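Visitor:
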Amino acid sequence: MIALVTRMTADVEQLWLTALSQKLPVETIIPFRELDEASREKVDIAIVANPDPADIAQLPGLKWIHSVWAGVERLVGELGDSRLPLVRLVDPQLSRTMAEAVLAWTYYLFRDMPAYAQFQRQRVWQQLAYRRPEQVTVGLLGLGALGAASAARLKEAGFNVIGWSRAAKSLEGVETFHGEQGLDQLLSRPEILVCLLPLTGETKGLLDGDRLSMMPKGASLMNFARGPIVVTDALIAALGSGAMKHAVLDVFDVEPLPADHALWDHPAITVLPHISAPTDRETAAAIVAGNILTYRETGALPSTVDLARGY
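All residue numbers for the sequence shown refer to the working numbering, where the first residue is 32 and numbers rise by one.
1) Identify whether Asn81 lies in helix, strand or coil by the three-state DSSP scheme.
2) Counting only runs that start and end within the segment 146-192, where is the alpha helix (DSSP H) found for 4 or more residues in a row?
3) Which whole-angstrom value describes the C-beta separation of Asn254 and Cys226, a residue pair presumed to lie in contact below a C-beta threshold of 8 Å?
4) Can you tell which of His97, Pro82 and Ala77 has the C-alpha that lies nearest to the C-alpha of Val336?
5) Select from Met32, Leu117 and Glu109 the residue whose C-alpha is nearest the C-alpha of Ala101.
6) Take every Cβ of the segment 238-256, pair it with every Cβ of the segment 266-280, and state whether three or more of those distances are shorter than 8 Å.
7) Among the candidates Glu58, Gln53, Leu46 and Ile306, whose CA atom is the shortest distance from the CA of Gly32?
8) Rounded to whole angstroms, what is the Cα-Cα separation between Ala274 and Leu218?
9) To which residues of the same chain is Phe63 closer than 7 Å at the C-beta, ignoring the five residues directly before and after it?
10) Keeping to the same chain, check which residues put their C-beta closer than 8 Å to that of Leu230; ignore five residues upstream and five downstream.
11) What are the boundary residues of the alpha helix (DSSP H) that Phe141 is part of?
12) Check the C-beta distance from Thr301 over to Leu288 and give it rounded, since I have them as a contact under 8 Å.
13) If you reduce the DSSP assignment to three classes, tell me which class Ile267 lands in.
14) My assumption, with CB atoms under 8 Å, is that Leu185 sits in contact with Thr137. Please give the rounded CB distance.
15) Specify the secondary structure class of Thr234 as computed by DSSP and reduced to three states.
16) Which full runs of the beta strand (DSSP E) of 3+ residues lie inside the segment 237-316, going along the chain?
17) Would you decide whether Thr325 is buried or exposed? Buried here means 16 or more other CB atoms lie within 10 Å of its CB.
The following block contains the structure:
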C-alpha cells in the first residue's frame, strides 16, 4: 500500500492522487488523512509533497519515501534521524522548464529591461547601447541537471557561459570551476550570475557580502534556487551602493514573501512568486510511477538522496 502524504489543499492533493493512480493502476494509493491505524501499518512506500513529519512517523512499515519535488532540503531537515531512503524527483521536463526561465530572465537583464522600465516610469526616451550575447558572460552556480540544461540553452543563444560546482564537472563549451578556490575565480567574471544550487549546510549563506563583493561592478544576480543561499541584507547593500545593478529573485527566506517586506518595492529587485520551474504533475507522476514499478519488479531503489549532503 502507498500513502500520499502532503500538506497540500485537498483539491490539489486530489489532482495528484488522480495522476498517480492513473500511472499506477495496480497499486492502492490512499491519502494519509484517510488511512486508519490498521491501514497505516500496511504502507510500505510514501509519496510525499512537503509532508508533516509526524504523519511519516505513523507509518511503521515504511520502506522508502518518494518526493514529488526536486528540492528536498526541508524534508531532509524535518525527517531528522529517520534514515529512511529518500528519492527526489529527477524530471527532464523540470530541467527544460528551468532552462527556459534562465534564458528568459537572462535576456531580461541582457537587454536592459529593468532600465527601460525605469525610463518609462520617469517618462524618459533613452536608448541604451546594444551588445551581442557573446560579449556577455553568464555564470552558473550549480551544474547538476538544471544547470546543465540551462548552460546548453544559454550557449545556443550565444552567451559566454561559465559554471561552478562543488566537485569537478565538465560540460561541453563551458569553462567550469569547482571547490572554494574555483568559486572565487568564477565570481570575479560574470556580468550575470545565476544560482541553481541546492540548499544545504554548505550553501546556506554562500552568497554573503564578501562573495558578492567579488563580482564585477554592475553585475546582476538571478536566484532560482533557494532564498537562504543569498544573504538578503548583503544583496540589498550591494544594490544600494551600485556595486550590483539588479537582482531577479524567485525564492526567498520566507515564502510567500510577506506583503510588507522591503523587497517588494526595491527599485533594483524583480520579485517573482517561485515560478521559475514548477513541477509538471503529469510528467512527475509518470517518473514516480516508473520508479515504483521498477522497485516492485526488482527490489531496486532509484538513486537516493545523500542525507549528509542534503541532495
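C-beta atoms are modelled at their ideal positions from N, C-alpha and C, and glycine is treated no differently.
Predicted model, so just to flag it, every value in this text is computed and none were measured.
Guide: According to the data block:
1) coil
2) 176-187
3) 5 Å
4) His97
5) Leu117
6) yes
7) Inspection of the sequence shows that residue 32 is occupied by Met rather than by Gly. The shortest C-alpha separation from Met32 is found at Glu58.
8) 13 Å
9) Ala34, Leu35, Val36 and Asp86
10) Gly102, Glu104, Ala256, Arg257, Pro259, Ile260 and Gly341
11) Pro123 to Phe141
12) Actually they do not touch by this definition, with Cβ atoms about 12 Å apart.
13) helix
14) 6 Å
15) coil
16) 250-254, 275-280 and 300-302
17) exposed
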